[in-house]
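Asks: My questions will all concern the structure given below.
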Amino acid sequence: MINRIDIVGSFLPPEKLTDTVRLYDSGLIGQDKLLETENEAIGQLVERLIEAGLREVTSGELRRRQWDKDFWFGLAGIRRERVDNGHIYQPLDLYTDLMRFTGPIGFNPEHPFFYDFSFLRKVAGGRANCRQTIPSPANLYLEILSMTGGNPELIYPTDRNLLSDIAESYNLTIRNFYSLGCRHIQFDDTACGMLCDGCYTKRLLQGGIDIIALHEQIINLFNDAVSGLPADMEVSLFLSGGDTIVPEWEFLRFPDNIMPKVLSLVNASKFFLPFDTRNDYQLEVLRHIPDGKKVVLGLLDAHSPLTDDGNDIIDTIVKASAFIDPSLLSISPRTGFKLSSYQSRGLTYEDQWTKLARLGELLRYSKADHGMFPNGPTIKKY
72 MINRIDIVGS FLPPEKLTDT VRLYDSGLIG QDKLLETENE AIGQLVERLI EAGLREVTSG
132 ELRRRQWDKD FWFGLAGIRR ERVDNGHIYQ PLDLYTDLMR FTGPIGFNPE HPFFYDFSFL
192 RKVAGGRANC RQTIPSPANL YLEILSMTGG NPELIYPTDR NLLSDIAESY NLTIRNFYSL
252 GCRHIQFDDT ACGMLCDGCY TKRLLQGGID IIALHEQIIN LFNDAVSGLP ADMEVSLFLS
312 GGDTIVPEWE FLRFPDNIMP KVLSLVNASK FFLPFDTRND YQLEVLRHIP DGKKVVLGLL
372 DAHSPLTDDG NDIIDTIVKA SAFIDPSLLS ISPRTGFKLS SYQSRGLTYE DQWTKLARLG
432 ELLRYSKADH GMFPNGPTIK KY
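Each residue of the sequence shown is one higher than the one before, counting from 72 in this note's numbering.
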């Protein structure tokens, strides 16, 4: 059976950090105090992750306000523009940060994420591998397509190749992480999940975008971003459905579904895949993963404090083992514990640790091959 638990990467901040961020935003404290509190919170997070038995740790994305744009704002050619009054197009909050392009997208040797990783590695002290999470390059490309109605030339230099610039900036950034000691980079992706949404793809089609050609662009973008990396740099891909968390795996057999292509063609060695444990058909997507690649089954609800059904989870693990060698499987929450901002859905700071403890219990039961999980029905044997 499976032999490890895992995490997607993000964690809710402790109350002290939340309060410090509020004071900083109000102008009552300076950058130094904020940095001190962030460092303290990350240090505490690493200690608890190691105590929980995790072989890899992250910084919890505790410094980030936005899981995706904070990374993009650190690239050359992209500037942060704060909007805090008036009206902007409907899906965005009144108080938000928008991307403005000042030139070609490129590598920035002063990217703030480099400090974040260096600090993480320092506090881990060799006791665990340090993983760096970043938004996928496909997300940046789709964000620009959405901003321009499918016409990037409206905001991007016409003498540049947008896809090539994105791929190169990511590739050079990952190489710099490698030079800092990083051996595992994780792409967090919602772009492919959105492309499984019929309503979203319909809007793209109405904008004149060739969906099949877009799929090919995205596959090439992923692979160009990791092209030529050192052999010991692990690349993993977390495929999220966005707000729904679990992608529309049910549309797997549609000829224009991107997921089979992503799983079979993207040069990643590990996939983080969230599933609904009450929908067996979703596991069919595992057929498309090449032999030898690792899979992290996202099975626990990361945004609810309620206890997950252990029998459903163990049953899903057993069924997934029919597609993937159990030695290549691990289990995790469906997504990170932290949402796109500091908002939460009833989950507290301590609840996330209860969830990780629950994962450990499930791992022990699955390895012991018990027939039933406490307080639940008998699990079918396969």
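Every residue gets a Cβ at the ideal spot worked out from N, C-alpha and C, and that includes glycine.
Run through the segment 280-323 for me and flag every whole beta strand (DSSP E) of 3 or more residues, listed as ranges in chain order.
Replies: 305-310
Asks: Return the chain-ordered list of same chain residues with a C-beta closer than 8 Å to the C-beta of R198, the five sequence neighbours on each side being excluded.
Replies: I121
Asks: Run through the segment 174-230 for me and flag every whole alpha helix (DSSP H) of 4 or more residues, listed as ranges in chain order.
Replies: 183-195 and 208-219
Asks: Is L125 closer than 9 Å to D77 when the C-beta atoms are compared?
Replies: yes
Asks: How many Å lie between R358 and I280 at the Cα?
Replies: Straight-line Cα distance between these residues: approximately 29 Å.
Asks: From the DSSP output, in three-state form, read off D362 for me.
Replies: coil
Asks: For L251, which residues of its own chain have a beta-carbon under 8 Å away from its beta-carbon, when the five flanking residues on both sides are left out?
Replies: F185, F188, S189 and R192
Asks: Curious, which full-length beta strand (DSSP E) runs of at least 3 residues does the segment 377-441 contain?
Replies: Here the runs fully enclosed are 400-404.
Asks: Going straight from the alpha carbon of D380 to that of R75, what length do you get?
Replies: 19 Å
Asks: Would you mind reading off the limits of the alpha helix (DSSP H) that contains F142?
Replies: K140 to W143
Asks: Restricting to Cα atoms, I'd like to know which of E355, R349, T315 and D347 is closest to L334.
Replies: E355
Asks: Do G312 and G80 have their CB atoms nearer than 9 Å?
Replies: no
Asks: Is the segment 414-432 touching the segment 222-229, taking contact as three or more C-beta pairs under 8 Å?
Replies: no
Asks: Y160: buried (16+ other C-beta within 10 angstroms of its C-beta) or exposed?
Replies: For Y160, the predicted structure reports a pLDDT of 48, less than 50, and the residue's modelled location is therefore unreliable. The matter cannot be settled from this model.
Asks: Which term fits S130, buried or exposed, when burial requires 16 or more other beta carbons within 10 angstroms of its beta carbon?
Replies: buried
Asks: Roughly how many whole angstroms lie between the Cα atoms of I450 and N179?
Replies: Note that I450 scores 36 on pLDDT, short of 50, meaning its location in the model is unreliable and no value can be drawn from it.
Asks: What is the DSSP secondary structure of A373, counted as helix, strand or coil?
Replies: coil
Asks: Just the C-alpha distance for I215 and A439, rounded to the nearest angstrom, thanks.
Replies: Taking the CA atoms as reference points, I215 sits about 49 Å from A439.
Asks: Do D327 and I282 have their C-beta atoms closer together than 9 Å?
Replies: yes
Asks: E432: which of I385, A393, T419 and S398 sits nearest, CA to CA?
Replies: Checked all of I385, A393, T419 and S398; the closest Cα to E432 is I385.
Asks: Given a cut-off of 9 Å, decide if N338 and F394 are closer than it, judged by their beta-carbon atoms.
Replies: no
Asks: Specify the secondary structure class of I237 as computed by DSSP and reduced to three states.
Replies: helix
Asks: Please report how far the alpha carbon of S235 lies from the alpha carbon of R93, in whole angstroms.
Replies: Rounded to the nearest angstrom, the two C-alpha atoms are 39 Å apart.
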